[in-house]
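Visitor:
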Amino acid sequence: MKELQHLNKYFLKYKTHLILGVIITIIARIFLLFTPRYVKQIFVVIENYMDSEVTKTALKSELTEVILFIIGAAVVGALLTFFMRQTIINVSRYIEFDLKNEVYEQYQRLSLNFYKKNRTGDLMNRITEDVGRVRMYVGPALMYSINTITLFVIVIIYMVNASPKLTLYTIVPLPILSVIIYKLSKEIHKRSTIVQEYLSQLSTFTQESFSGIYVIKAYGIEPQTSANFRTLAKESKEKQISLANVQAWFFPMMILLIGTSNLMVVYIGGMQYINSEIESVGTIAEFIIYVNMLTWPVATVGWVTSIVQQAEASQKRINEFLKIEPEIKNTSTTEPHVDGNISFNNVYFTYDDTNIQALKCVSFNINEGETLAILGKTGSGKSTILDLIGRLYDIDQGSITIGGTHINNHHLTSLRESIGYVPQDAFLFSDSIKNNIKFGKQDATDEDVIEAAKNAQVHKNIIKFNKGYDTVLGERGITLSGGQKQRVSIARAIIKSPKILLFDDCLSAVDTETEEKILKTLNKISKGKTSIIVSHRVSSAKNADKIIVLDDGKVVQEGNHESLINVEGYYQNLYLKQLSETTEK
1 MKELQHLNKY
11 FLKYKTHLIL
21 GVIITIIARI
31 FLLFTPRYVK
41 QIFVVIENYM
51 DSEVTKTALK
61 SELTEVILFI
71 IGAAVVGALL
81 TFFMRQTIIN
91 VSRYIEFDLK
101 NEVYEQYQRL
111 SLNFYKKNRT
121 GDLMNRITED
131 VGRVRMYVGP
141 ALMYSINTIT
151 LFVIVIIYMV
161 NASPKLTLYT
171 IVPLPILSVI
181 IYKLSKEIHK
191 RSTIVQEYLS
201 QLSTFTQESF
211 SGIYVIKAYG
221 IEPQTSANFR
231 TLAKESKEKQ
241 ISLANVQAWF
251 FPMMILLIGT
261 SNLMVVYIGG
271 MQYINSEIES
281 VGTIAEFIIY
291 VNMLTWPVAT
301 VGWVTSIVQQ
311 AEASQKRINE
321 FLKIEPEIKN
331 TSTTEPHVDG
341 NISFNNVYFT
351 YDDTNIQALK
361 CVSFNINEGE
371 TLAILGKTGS
381 GKSTILDLIG
391 RLYDIDQGSI
401 TIGGTHINNH
411 HLTSLRESIG
421 YVPQDAFLFS
431 DSIKNNIKFG
441 KQDATDEDVI
451 EAAKNAQVHK
461 NIIKFNKGYD
471 TVLGERGITL
481 SGGQKQRVSI
491 ARAIIKSPKI
501 LLFDDCLSAV
511 DTETEEKILK
521 TLNKISKGKT
531 SIIVSHRVSS
541 AKNADKIIVL
551 DDGKVVQEGN
561 HESLINVEGY
571 YQNLYLKQLS
581 ETTEK
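Mapping of the sequence shown onto UniProt numbering: position 227 corresponds to residue 227, and the numbering continues sequentially without gaps.
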């Protein structure tokens with residue numbers, strides 16, 4: 001139960017609803033317990049009539065009165081049961097809602113390294129399946145526990161008052177039932193945990209397959225992928241069947257022990273009636289109803305225990321994430337001024353997940369309003385510099401300052417709101433093109449969206465779609481071509497008019513003519529803003545105020561276009577190579 005203590009704050013939050021639900025539950029059980037006593041009264045009335053102690057008219061009158069009491073108690077009990085479920089079960093839904101939000105907010109807080117180490121399918125499973133199991137604990141498990149306790153206390157008192165000896169014989173099978181259900185539930189919990197793990201694997205496999213469907217089709221590996229899925233699905237099916245085999249014993253065992261209890265009531269009660277130890281056959285009927293009323297609550301002891309075990313296992317999985325502290329912490333409570341003066345001073349950085357040292361003693365300065373171009377081979381550390389400016393990672397050594405303030409002293413929200421970032425792999429959401437562009441500025445007008453699209457040279461493409469800017473994109477923007485996705489991503493970055501613009505090789509999928517148009521537009525709209533362009537093309541870098549060339553995480557060349565093309569090295573070689581390619585075309 002230690003892991004489930006995390007939910008105590010939610011129980012306190014909804015204590016009024018829960019207390020009301022408990023009170024309603026107790027009253028509802030009391031009203032439903034009127035039925036056995038009135039059934040006994042019916043037998044008593046009939047026995048009195050058989051003994052000629054009452055007239056036929058009196059019999060009808062008394063029977064009508066008793067039946068009306070039974071109907072009335074049943075109706076009131078049913079209404080109260082309805083309100084009981086409306087309070088306690090609703091609270092479980094409220095807590096499910098709050099817990100999902102808590103988990104999602106934690107996911108948002110966690111750093112990029114976390115997502116490199118965890119698979120999307122597993123994360124999805126924890127916020128859906130695991131939270132769902134916890135909801136069962138705070139809803140049905142709580143409700144049935146209150147039901148069971150209330151029934152036991154009141155019913156046992158009623159039964160002992162009616163016949164202590166018959167009560168003893170009647171309840172003997174019930175603990176046995178509870179123990180058997182507990183054992184079954186324990187095994188069910190064990191096997192359901194395994195089933196849950198396989199569900200996570202299936203979720204992860206299908207999610208990755210759908211996301212990478214282009215690759216699967218391009219390589220023609222559909223048969224292999226299907227075979228892998230069938231293998232995983234078959235293993236999952238076997239685990240599900242194994243679970244079902246154990247669950248199949250649940251109700252037969254319960255019915256067997258219910259029947260045993262009823263037989264004992266009839267036999268022992270009948271013998272007591274014959275021996276005049278009980279005064280009426282109605283007592284036997286009363287006890288049979290009590291037994292049937294107690295059987296399900298007793299069975300739920302094992303079932304509730306299973307729910308609690310499953311909920312604890314799920315909450316433990318959830319707590320593992322909730323207890324993780326983000327690597328990137330917001331250490332500043334103030335919001336220092338963010339401008340475009342950026343300085344790297346002897347920066348070292350190593351990726352934790354791969355242990356690759358991406359940057360080694362990198363130093364450079366860029367003033368507000370200037371443009372810096374970064375070139376280098378694949379894996380030289382270009383994209384890493386952009387990630388560090390947005391403080392997606394913290395450096396190992398050295399310092400990064402923005403506006404003269406150490407980057408760690410900037411408020412994360414203010415820092416990132418001041419940056420317009422266009423990633424190398426343009427990610428678009430399954431939403432309209434307009435909303436994807438407005439993602440950079442939620443209060444943007446339609447005119448702002450169109451202007452941003454024009455500046456990104458994508459407006460003409462968008463208006464050709466049947467629904468124009470209202471065209472809904474497929475997952476990850478699959479509706480658009482690579483170049484169109486990059487340009488929509490550029491529009492999303494520039495619409496917010498940030499102080500710092502970061503372009504991570506975002507023109508690689510467009511032709512040189514479109515690239516030239518975009519760069520000219522960017523030169524206009526980036527006046528007074530700091531821009532950093534990562535590229536493999538000299539054409540993207542030639543107009544930059546400063547250019548640095550990285551190799552194996554180190555700055556090996558620095559200058560501007562005119563100075564670097566006259567110095568033997570990577571930049572000159574790249575320039576001559578791309579110049580010859582352009583001439584050949």
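Don't be surprised by glycine CBs; every beta carbon is placed ideally from N, CA and C.
1. Would you say M159 and T170 are within 8 Å of each other, going by their C-beta atoms?
2. Write down every uninterrupted run of the alpha helix (DSSP H) in the region 65-153 whose length is 4 residues or greater and which is fully enclosed by it, in chain order.
3. When you compare each of Y137, Y198, W303 to H6 by their alpha carbons, which one comes out closest?
4. Let me check understanding here. Comparing Cα to Cα, which of P140, S430, N566, T405 lies closest to E96?
5. Inspect the CB distances between the region 362-375 and the region 533-546 and report whether three or more fall short of 8 Å.
6. Using the DSSP secondary-structure output, state which residues sit across from S531 in a beta bridge.
7. Does the region 229-240 come close enough to the region 270-284 to have 3 or more Cβ pairs within less than 8 Å?
8. Under a three-way DSSP split, which group does A444 fall into?
9. If distances are taken between C-alpha atoms only, which option among A78, V45, R93, F43 comes closest to H17?
10. Three-state secondary structure (DSSP) at L550?
11. Cutting at 7 Å between CB atoms, please list the residues of its own chain near G474, excluding the five before and the five after it.
12. Beta-carbon within less than 8 Å of N436's beta-carbon, same chain only, minus the 5 sequence neighbours each way: which residues are those?
13. Taking Cβ positions only, does F11 come closer than 8 Å to chain B?
14. Starting from I407, trace the alpha helix (DSSP H) both ways and give me its first and last residue.
15. Could you check whether M124 and I89 sit closer than 8 Å to each other, using their CB atoms as the reference points?
16. Considering G400, what are the terminal residues of the beta strand (DSSP E) in which it resides?
17. Between which two residues does the beta strand (DSSP E) containing A248 stretch?
18. Measure how close the beta-carbons of F250 and L184 come, nearest whole angstrom, since I'm counting them as under 8 Å.
19. I'd like the span of the alpha helix (DSSP H) that includes T350, first residue to last.
20. To the nearest whole angstrom, what separates the beta carbons of G553 and K360, a pair I think is in contact under 8 Å?
21. Could you spell out the range, first to last residue, of the alpha helix (DSSP H) harbouring N8?
22. Using CA coordinates, which residue listed in I127, Y115, I30 is at the minimum distance from L80?
23. Nearest CA to the CA of G468: which residue from Q486, V449, S418?
24. Going by the CB atoms, is the gap between E368 and D339 shorter than 8 Å?
25. Taking the alpha-carbon of residue 615 as reference, which of K496, L386, H459 has the nearest alpha-carbon?
26. Leaving out five residues before and five after E187 in sequence, what residues of the same chain have Cβ atoms less than 6 Å from its Cβ?
27. Tell me the residue span of the beta strand (DSSP E) that contains N365.
28. Taking I419 as part of the beta strand (DSSP E), name the residues at either end of that continuous run.
29. G212 by DSSP, collapsed to three states: which one?
30. Specify the secondary structure class of S432 as computed by DSSP and reduced to three states.
31. To the nearest whole angstrom, what separates the beta carbons of G282 and V44, a pair I think is in contact under 8 Å?
32. Contact between the region 108-121 and the region 188-198: three or more CB pairs below 8 Å?
33. When the distance is taken between beta carbons, is V347 closer than 8 Å to V555?
Guide: So, to answer that:
1. For the pair M159 and T170, the CB atoms are nearer than the 8 Å cut-off.
2. Listed in chain order, they are 112-117, 120-125, 131-136.
3. By alpha-carbon distance to H6, the top candidate from Y137, Y198, W303 is Y137.
4. Comparing Cα-Cα distances from E96 to each of P140, S430, N566, T405, the minimum goes to P140.
5. A contact exists between the region 362-375 and the region 533-546.
6. Among the bridge pairs identified by DSSP, S531 is matched with T371, L501.
7. Not touching, per the Cβ criterion.
8. Three-state DSSP puts A444 in coil, outside helix and strand.
9. If we check each option's Cα against that of H17, R93 comes out closest.
10. In the structure shown, L550 sits in a strand (DSSP, three-state: E or B).
11. If we look at G474 and ignore the five residues flanking it on each side, its Cβ neighbours are S430.
12. Counting only Cβ-Cβ distances below 8 Å, and skipping sequence neighbours, we find L428, F429, L473, G477, V488, R492.
13. Among the chains in the structure shown there is no chain B, since it carries only a single protein chain.
14. It is not in any alpha helix (DSSP H) - I407 carries neither H nor E in the DSSP assignment.
15. The answer is no: Cβ separation not under 8 Å.
16. A small correction: the amino acid at residue 400 is Ile; Gly does not occupy that position in the sequence shown. Counting along the chain, the unbroken beta strand (DSSP E) around I400 starts and ends at 397-402.
17. Following the DSSP letters along the chain, one finds A248 in no beta strand (DSSP E), marked with neither H nor E.
18. The beta carbons of F250 and L184 sit about 6 Å from each other, so the pair counts as a contact at 8 Å.
19. The continuous stretches of alpha helix (DSSP H) do not include T350, which lies in the beta strand (DSSP E) extending over residues 342-350.
20. That belief holds up - the Cβ atoms of G553 and K360 are roughly 4 Å apart, short of 8 Å.
21. Where N8 is concerned, the enclosing alpha helix (DSSP H) stretches over 8-13.
22. Between L80 and the set I127, Y115, I30, the nearest pair of CA atoms involves I30.
23. It is V449 whose Cα lies nearest to the Cα of G468.
24. In terms of Cβ geometry, D339 and E368 form a close pair [threshold 8 Å].
25. Because the chain in this structure spans residues 1 to 585, residue 615 falls outside the shown range and cannot be described.
26. Scanning its chain for C-beta atoms nearer than 6 Å, with the 5 sequence neighbours on each side dropped, one finds around E187 the residues V246, in chain order.
27. Run containing N365: 357-366, per the beta strand (DSSP E) assignment.
28. Here the beta strand (DSSP E) through I419 covers 419-422.
29. In the three-state reduction of the DSSP assignment, G212 falls in the coil class, being assigned neither a helical nor a strand state.
30. DSSP places S432 in strand when its eight states are reduced to three.
31. About 5 Å separates the CB atoms of G282 and V44; that is less than 8 Å, so the two are in contact.
32. With contact defined as three or more Cβ pairs closer than 8 Å, the region 108-121 and the region 188-198 are not in contact.
33. Contact: no.
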